[in-house]
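Residue 52 in full-length UniProt numbering sits at position 52 of the sequence shown, and the numbers go up by one each step.
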Amino acid sequence: MSTLSVLVEASSCSWGKLTCQHGERTIGIILRAIVSFCNAHLGQSASNQLLVFAYGKNVEKKMIYSSARSENRNTSHVVVECLREILMGDCNNDDDVIGAPLGPALAHAFCHMKKHSRVATADPCDDSLGPAASSSNNDQSDSTKEKMTSRAVVTSMTQIMGSEHGSLMNLFFSAAKQCICVDVVSMGDDSTGGILQQAADITGGSFSHAQKPHDLLKILMTNMLTDPSYRTAFSKLSNSSVDYRASCACHHTLVSSGWVCSICLSVLCQYTPICKVCRAAFTITNLPKKPNRKRTLNFIRRYPIKSIR
Ligand SMILES: [Zn+2]
Ligand SMILES: [Zn+2]
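Here is the structure:
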């Protein structure tokens with residue numbers, strides 16, 4: 001039994017940018033790939049569960065499909081209609097900034113998967129059989145618990161997540177602790193995927209960059225359809241070097257050293273008296289007089305980024 005959460009970026013700017021780059025059939029190709037992947041997961045086993053989330057700035061209802069709540073296990077119509085509706089609504093907004101906040105949808109997905117795993121591992125025949133039967137029930141519960149797996153697949157089109165760095169890292173570490181594997185397919189310009197490459201590495205998942213929309217279905221079906229324990233049978237994705245630099249909240253670029261806000265733990269590539277994320281003000285009187293002098297401030301300190309992990 002496996003619970004899979006599929007998170008799809010639903011920013012109309014990102015979809016539009018991809019369409020400009022790869023032609024007008026891009027949207028149809030991506031939608032078909034996502035729906036085929038969702039149906040393949042549900043088709044593998046009757047006990048498999050599926051959750052589909054859309055994440056973006058103007059997405060109010062993030063969960064667009066849940067197999068536990070729907071009687072229809074064919075996701076084609078529901079997922080395509082919901083994504084179309086969200087993208088059409090997002091087109092009418094004046095906001096033309098590319099990017100979508102992933103954190104809220106990912107946290108939502110993790111909570112649902114945790115809830116599903118609790119329901120699945122609970123004994124459905126528990127009608128107070130008494131203390132004599134308790135040991136066998138525990139054994140059965142343990143064996144069911146071992147088979148239950150939770151995974152998340154993120155299909156990302158942009159990697160601008162500078163202000164979300166702290167919250168996303170917390171989510172990735174909590175996912176690793178809960179044994180939730182996070183797979184990432186990036187369709188953006190940057191093949192490194194930014195922080196999402198770190199997500200796959202921390203949680204034991206796969207990261208892949210789809211250069212063309214046609215590559216999306218191939219990547220999803222060959223590398224992300226099965227649980228990580230079965231993936232040795234397939235060719236390993238090139239995940240040799242993971243870039244563990246943090247992205248700065250001000251310019252959304254990866255930096256190897258920077259300033260860390262002591263309030264919200266955002267990374268800033270240069271000193272500013274007011275944190276650009278949480279608006280916390282820092283005392284300027286404690287600034288070092290000489291640039292080379294090794295003295296830390298009261299409220300903001302300079303750390304090498306690699307020591308964060
Ligand atoms: Zn910066
Ligand atoms: Zn801050």
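All C-beta atoms in this analysis are idealised placements derived from N, C-alpha and C, irrespective of residue type, glycine included.
These numbers were taken from a predicted model, which means no experiment stands behind them.
- Message: Checking the sheet assignment: what are the DSSP bridge partners for Gln49?
- Response: As a working mapping, residue 49 is identified with position 49 in the sequence shown. Answer is Thr3.
- Take Cys91 as the anchor and find which of Ser12, Gln44, Ser266 and Cys20 has the nearest alpha-carbon. The count along the sequence shown starts at 1 and reaches residue 91 at position 91. It is Ser12.
- Under 6 Å Cβ to Cβ from Leu129, same chain only, skipping five residues before and after it: list those, please. For the purposes of this step, residue 129 is identified with residue 129 of the sequence shown, where counting begins at 1. Reliability of the predicted coordinates at Leu129 is poor, the pLDDT of 38 falling under 50, and no value is obtained from them.
- Item | Rounded C-alpha distance that separates Cys278 from Ile263 | Position 278 of the sequence shown, counting from 1, holds the residue named residue 278. Position 263 of the sequence shown, counting from 1, holds the residue named residue 263. Going from the Cα of Cys278 to the Cα of Ile263 covers about 8 Å.
- Task: Could you tell me if His201 is buried or exposed, where buried requires 16 or more neighbouring beta carbons within 10 angstroms of its beta carbon?
- Result: For this step, residue 201 is matched to residue 201 along the sequence shown. The question names His, yet the displayed sequence has Asp at residue 201. By the neighbour-count rule (16 or more Cβ atoms within 10 Å), Asp201 is buried.
- Message: Assuming Asp183 is part of the beta strand (DSSP E), what are its boundary residues?
- Response: Numbered from 1 along the sequence shown, position 183 holds the residue referred to as residue 183. From DSSP, the beta strand (DSSP E) with Asp183 extends over Ile180 to Ser186.
- Query: Helix, strand or coil: which one does DSSP assign to Arg73?
  - Reply: Locating residue 73 in the sequence shown gives position 73, where the first residue counts as 1. Here Arg73 sits in coil by DSSP.
- Query: Counting along the chain, where does the alpha helix (DSSP H) carrying Arg32 start and finish?
  - Reply: Residue numbering aside, residue 32 sits at position 32 when the sequence shown is read from its first letter. Run containing Arg32: Thr26 to Gln44, per the alpha helix (DSSP H) assignment.
- Check whether the Cβ atoms of Ser76 and Asn39 sit closer than 8 Å, and answer yes or no. Looking up residue 76 in the sequence shown gives position 76. Looking up residue 39 in the sequence shown gives position 39. Cβ distance < 8 Å, so Ser76 and Asn39 count as in contact.
- Message: If distances are taken between C-alpha atoms only, which option among Cys111, Phe207 and His116 comes closest to Ser186?
- Response: Residue 186 sits at position 186 when you count from the first residue of the sequence shown. When only C-alpha atoms are compared, the closest one is Phe207.
- Query: Taking all protein chains shown into account, do 16 or more other C-beta atoms lie within 10 angstroms of the C-beta of Met88, making it buried, or fewer, making it exposed?
  - Reply: Along the sequence shown, read from residue 1 onward, the residue named residue 88 stands at position 88. Burial call: exposed.
- So the alpha helix (DSSP H) Ile64 belongs to, where does it begin and stop? In the sequence shown, residue 64 corresponds to position 64, counting from 1. Looking at the DSSP string, Ile64 is not in any alpha helix (DSSP H); the run it does join, the beta strand (DSSP E), is Met63 to Ser66.
- At what residues does the alpha helix (DSSP H) containing His22 begin and finish? Counting from one through the sequence shown, the residue named residue 22 turns up at place 22. Ser12 to His22 is the extent of the alpha helix (DSSP H) around His22.
- Quick one: using the 10 Å Cβ neighbour count with 16 as the cut-off for buried, is Asp183 buried or exposed? Working through the sequence shown from its first residue, we reach residue 183 at position 183. Buried is the call here.
- Message: So if DSSP puts Leu171 in a beta bridge, which residue, or which two residues, is it bridged to?
- Response: Translated into the one-based positions of the sequence shown, residue 171 becomes position 171. Leu171 pairs with nothing; no bridge assigned.
- CA-CA distance, Ser250 and Gly99? Translated into positions along the sequence shown, residue 250 becomes position 250. Translated into positions along the sequence shown, residue 99 becomes position 99. Here residue 250 is Cys; the residue named in the question, Ser, does not match the sequence. Distance between the alpha carbons of Cys250 and Gly99: 14 Å.
- Item | Burial state of Ser150 (16 or more Cβ within 10 Å) | Within the sequence shown, numbered from 1, the residue matching residue 150 stands at position 150. Ser150 should be labelled buried.
- Simplified DSSP state of Phe207, which is helix, strand or coil: One-based indexing of the sequence shown puts residue 207 at position 207. Here Phe207 sits in strand by DSSP.
- Whole-angstrom distance between Arg118 and Phe110, CA atom to CA atom: Position 110 of the sequence shown, counted from the first residue, corresponds to residue 110. Position 118 of the sequence shown, counted from the first residue, corresponds to residue 118. The alpha-carbon atoms of Phe110 and Arg118 are separated by roughly 12 Å.
- Item | Residue from Gln211, His165 and Met224 with nearest C-alpha to Val153 | Here residue 153 refers to the residue found at position 153 when the sequence shown is read from its first residue. Closest option to Val153, Cα to Cα, is Met224.
- Report the rounded CA-to-CA distance for Leu297 versus Leu168, giving the unit in angstroms. In the sequence shown, counting from the first residue as 1, residue 297 sits at position 297. In the sequence shown, counting from the first residue as 1, residue 168 sits at position 168. For Leu297, the pLDDT reaches just 45, beneath the cut-off of 50, and the residue's location in the model is therefore unreliable, although a value from the coordinates is still provided. In a straight line, the C-alpha of Leu297 is about 27 Å away from that of Leu168.
- Any idea which residues DSSP pairs Thr149 with across the strands? Start at 1 with the first residue of the sequence shown, and residue 149 comes out as number 149. BP columns for Thr149 point to Ser2.
- CA nearest to the CA of Ile195, picked from Met113, Phe173 and Thr222: Translated into positions along the sequence shown, residue 195 becomes position 195. Comparing Cα positions, the closest option is Phe173.
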